[in-house]
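Residue numbers for the sequence shown follow my numbering, so the first one is 5 and each next one is one higher.
Note that the Cβ used here is the ideal one computed from N, Cα and C, for glycine as well.
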Amino acid sequence: MDQDFTDFTKCLQILQKKIEEKSLQIDIIVTLGGLGGRFDQIMASVETLFHATNVTPFPVIVIQECSLIYLLQPGKHELRVDTGLEGTWCGIIPIGNPCDSVTTTGLKWNLTNQVLKFGTLISTSNTYDNSGIVTIETDKPLLWTMAIKT
Numbered sequence: 005m006d007q008d009f010t011d012f013t014k015c016l017q018i019l020q021k022k023i024e025e026k027s028l029q030i031d032i033i034v035t036l037g038g039l040g041g042r043f044d045q046i047m048a049s050v051e052t053l054f055h056a057t058n059v060t061p062f063p064v065i066v067i068q069e070c071s072l073i074y075l076l077q078p079g080k081h082e083l084r085v086d087t088g089l090e091g092t093w094c095g096i097i098p099i100g101n102p103c104d105s106v107t108t109t110g111l112k113w114n115l116t117n118q119v120l121k122f123g124t125l126i127s128t129s130n131t132y133d134n135s136g137i138v139t140i141e142t143d144k145p146l147l148w149t150m151a152i153k154t
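What follows is the structure in structure tokens.
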């Protein structure tokens with residue numbers, strides 16, 4: 005196996021092969037762990053979400069304790085946040101590149117064609133407006149993070 009990839013990425017590659025070999029019907033890949041401990045390892049988990057788009061056609065979500073992350077690809081996304089499993093906070097963070105245009109609805113502090121980039125603005129410690137649905141439209145990959153109840 006290639007040492008340019010993390011063990012997490014390698015696991016996704018193996019999992020995708022098994023899904024194909026066994027013709028498994030799945031909708032999503034949920035990974036438990038990977039957001040605790042060393043900061044470089046946390047960032048490696050985020051990096052794997054970028055690789056995942058080339059490894060598997062399925063969305064990959066990472067959950068650790070009370071946090072969930074998911075890499076949103078460019079386009080418009082509708083997220084249900086009325087399941088009762090959500091905690092109170094959420095955020096959208098540009099990783100890899102600045103996002104030149106981000107528009108949201110369903111958040112307490114929405115964005116309209118906002119630029120998100122480190123050193124200018126990132127959206128953390130936001131919350132929901134009780135509509136039950138968050139929409140996010142982005143021109144570049146954007147990391148969605150949210151609290152989950154434990």
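Item	Value
If you draw a straight line from the C-alpha of residue 143 to the C-alpha of residue 120, how long is it?	11 Å
Going straight from the alpha carbon of residue 40 to that of residue 53, what length do you get?	16 Å
What residue range does the alpha helix (DSSP H) around residue 130 cover?	No alpha helix (DSSP H) contains residue 130, which is instead part of the beta strand (DSSP E) from 127-130.
Buried or exposed: where does residue 110 fall if 16 or more other Cβ atoms within 10 Å of its Cβ makes it buried?	buried
Please go through the same chain and pick out, in chain order, the residues whose beta-carbon is closer than 8 Å to the beta-carbon of residue 19, but skip the five residues on each side of it.	33 and 60
Rounded to whole angstroms, what is the Cα-Cα separation between residue 66 and residue 133?	24 Å
Measure the Cβ-Cβ separation of residue 97 and residue 147 and say whether it is below 8 Å.	yes
Can you grab the Cα-Cα spacing for the pair residue 84 / residue 73, in whole Å?	14 Å
Taking a contact to mean a Cβ-Cβ separation below 8 Å, would you say residue 64 touches residue 56 in this structure?	yes
Could you tell me whether the Cβ atoms of residue 95 and residue 127 are closer together than 8 Å?	yes
For a test of your reading of the model: does the CB of residue 99 fall under 7 Å from any non-hydrogen atom of the ligand MG? Yes or no.	Ligands in the displayed structure: none, and consequently the ligand MG is not present.
Looking only at its chain, what residues have a beta carbon closer than 7 Å to the beta carbon of residue 70, apart from the 5 residues adjacent to it on each side?	91, 151, 152 and 154
Work out the CA separation of residue 58 and residue 77 for me, nearest whole Å.	12 Å
Give the DSSP-derived three-state secondary structure of residue 49 in the structure shown.	helix
Determine the direct distance from the alpha carbon of residue 145 to that of residue 99, and round the result to whole angstroms.	7 Å
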